[in-house]
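Chains as they are written, first to last, in our numbering: chain S, 53 to 257; chain Z, 53 to 257.
Glycine residues also receive a C-beta, built at the ideal position from the N, C-alpha and C atoms.
Note that the structure is a prediction, hence the values are computed from the model and not measured.
This report concerns only the one structure given below.
There are 2 protein chains.
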Amino acid sequence: KIPGITVYRLALYARTLEKLLEEGRDLISSEELARECGVNSAQLRKDLSYFGQFGVRGVGYSIPGLLKHIRRILGTEREWFMVLMGAGHLGQALLNYEFLPKRGFKFVAAFDVDEEKIGRVINDVYIYHVNQLSWVLREHPAEIGVIATPASAAQEVADLLIENKIKGILNFAPVRIKHPPNVVVENSDLTILFDKLAFYLKRLD
Amino acid sequence: KIPGITVYRLALYARTLEKLLEEGRDLISSEELARECGVNSAQLRKDLSYFGQFGVRGVGYSIPGLLKHIRRILGTEREWFMVLMGAGHLGQALLNYEFLPKRGFKFVAAFDVDEEKIGRVINDVYIYHVNQLSWVLREHPAEIGVIATPASAAQEVADLLIENKIKGILNFAPVRIKHPPNVVVENSDLTILFDKLAFYLKRLD
Ligand SMILES: NC(=O)c1ccc[n+]([C@@H]2O[C@H](COP(=O)([O-])OP(=O)(O)OC[C@H]3O[C@@H](n4cnc5c(N)ncnc54)[C@H](O)[C@@H]3O)[C@@H](O)[C@H]2O)c1
Ligand SMILES: NC(=O)c1ccc[n+]([C@@H]2O[C@H](COP(=O)([O-])OP(=O)(O)OC[C@H]3O[C@@H](n4cnc5c(N)ncnc54)[C@H](O)[C@@H]3O)[C@@H](O)[C@H]2O)c1
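Printed below as a string of structure tokens:
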């Protein structure tokens with residue numbers, strides 16, 4: 053399995069190329085792109101060549117071309133349909149986060165157990181009762197399940213997603229989800245961001 | 053400046069060591085730790101030696117000792133006090149996220165402009181009107197500001213934090229914040245997590 057940190061670097065290269073494209077740039081050398089991303093250029097060339105040759109030595113990379121190449125590697129050149137489990141604070145922040153649909157990640161439905169939330173619509177997404185997952189998926193197929201329930205409900209909700217042939221899970225609840233090998237689970241831990249901030253703050257003095 | 057990806061790796065090593073400690077492990081070799089984190093062991097040794105020698109060659113690392121060493125490097129062996137700007141969906145999810153105080157990141161106050169939210173208390177944190185920031189900081193000093201406002205208010209709120217001598221900002225709003233060099237700004241982009249999930253899902257077939 054390709055390590056998570058390699059994929060993180062690919063996503064970082066893509067973000068940096070998007071920013072350069074917005075600034076009107078066309079070409080970039082591997083040295084400059086590596087510097088912008090904070091990696092060494094040998095690592096960058098190794099990452100890019102791992103997935104097939106790209107760019108002409110000496111001339112540098114075409115920014116739109118390289119971005120397209122990396123998006124194809126990441127699988128973000130297409131749309132992914134998702135269901136949200138738990139439409140509480142974090143869930144609603146995700147439903148409102150306009151960057152997700154812009155990047156091709158679209159919620160087709162949300163699920164909860166709280167009677168007060170069921171039947172509401174947020175950003176065109178309807179909140180169903182969690183018991184309705186299987187028949188909703190028949191109407192609106194999805195490949196990704198996002199878990200934003202309390203930790204106590206996370207495993208039960210994950211089992212339900214897996215039973216309904218969902219193959220990818222993004223888990224925000226602070227528990228490790230047990231799952232079969234043919235299901236991909238990514239865990240979100242926002243505290244890594246806070247650690248990064250602490251690291252730089254400590255060095256400010 | 054030390055690249056963000058290096059700090060990300062240090063935080064990853066710390067998370068992995070915490071997990072191993074929970075599983076009752078004491079010792080680990082650099083090869084095994086590197087494998088668990090998905091980096092090569094030369095990179096791991098380089099990262100650790102950059103911040104001072106640690107561990108005995110051949111014997112491996114003491115897990116509690118190495119964790120303490122990395123926490124000192126990251127600056128997470130101490131408490132950090134924070135203020136939240138924008139107590140909406142994402143803001144309230146952060147106020148309720150019990151992992152933050154567990155890791156020493158504590159909110160002392162929250163701020164908003166919505167009359168319906170002002171005066172409420174969430175997880176022992178009082179929501180003030182944003183105009184009260186300076187006198188609240190005199191009562192409850194803080195070093196970190198977390199921005200969870202709409203993008204339209206993010207720069208104005210960042211300026212207010214900087215005026216009030218806040219040196220570290222974690223920005224969740226999808227805009228680039230302008231700031232002086234002596235203030236650290238980290239931006240959160242959850243979509244990188246979704247990219248990682250797409251990458252692994254694409255390869256499942
Ligand atoms: N990983 C991170 O970075 C991060 C950050 C903040 C919060 N969190 C976590 O995200 C989760 C949600 O946090 P929140 O603040 O939105 O909590 P919340 O209580 O506001 O929302 C949880 C929602 O889940 C619903 N729910 C409960 N059981 C359910 C079930 N079986 N099926 C479907 N829905 C169910 C509840 O009715 C509620 O609406 C928590 O586990 C929290 O620890 C993670
Ligand atoms: N980076 C990420 O990964 C991520 C994920 C989800 C949402 N977001 C972003 O987080 C932000 C908040 O999202 P949300 O769903 O919680 O929105 P929300 O509308 O529920 O919350 C925003 C809050 O900010 C308050 N506010 C407005 N102007 C303010 C000001 N000048 N000072 C203080 N408070 C002010 C509002 O009254 C409201 O309570 C948005 O910018 C959204 O794009 C980021």
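Under a 10 Å Cβ-count criterion, Ile54(S) is classified as exposed, with fewer than 16 other Cβ atoms of the shown protein chains found around its own Cβ. Short note on Leu249(S): C-beta not closer than 7 Å to any heavy atom of ligand 1.
For Val237(Z), the beta-bridge partners assigned by DSSP are Ile221(Z). Distance from the CA atom of Glu167(S) to the CA atom of Arg190(Z), rounded to whole angstroms, is 43 Å.
At a cut-off of 8 Å between C-beta atoms, Ile229(S) does not count as an interface residue with respect to chain Z. Judged by beta-carbon spacing, Leu73(Z) lies beyond the 8 Å limit of Leu126(Z), meaning their Cβ atoms are not closer than that value. The Cβ of Gln144(Z) sits closer than 8 Å to at least one Cβ of chain S.
Assignment of Val227(S) by DSSP, reduced to helix, strand and coil, places it in the coil class.
According to the DSSP assignment, Leu136(Z) belongs to the beta strand (DSSP E) that extends over Trp132 to Met137. With respect to the 8 Å criterion, Lys169(S) and Ala139(S) are classified as neighbours on the basis of their beta carbons. DSSP places Tyr149(Z) outside both helix and strand once states are collapsed to three, so it counts as coil. Here the distance from the Cβ of Tyr149(S) to the nearest heavy atom of ligand 1 is not below 7 Å.
Within the stretch 146-165 of chain S, the residues whose Cβ lies closer than 8 Å to any Cβ of chain Z are, in chain order, Leu146, Asn148, Tyr149, Glu150, Phe151, Leu152, Arg155 and Phe157.
When the Cα atoms are used, Leu256(Z) and Phe106(S) turn out to be separated by approximately 24 Å. Between Ile80(S) and Ile115(S), the beta carbon gap of about 6 Å places them in contact (Cβ cut-off 8 Å).
Within chain Z, Ile57 have C-beta atoms less than 8 Å from the C-beta of Arg61(S), given in sequence order.
Among the bridge pairs identified by DSSP, Phe159(S) is matched with Met134(S). The beta carbons of Leu64(Z) and Val236(S) sit no closer together than 8 Å.
With a contact defined as Cβ atoms closer than 8 Å, Leu212(S) and Leu185(S) qualify at about 6 Å. The stretch 82-101 of chain S and the stretch 130-138 of chain S do not touch, with fewer than 3 CB-CB distances between them shorter than 8 Å. Contacts with chain Z at 8 Å (Cβ-Cβ) do not include His192(S). In this structure His141(S) is buried. Its beta-carbon is surrounded by 16 or more other beta-carbon atoms within 10 angstroms. Per DSSP, the continuous beta strand (DSSP E) segment holding Gly197(S) begins and ends at Ile196 to Ile199. Within chain S, no C-beta atom comes nearer than 9 Å to that of Arg97(Z); the closest sits roughly 15 Å away.
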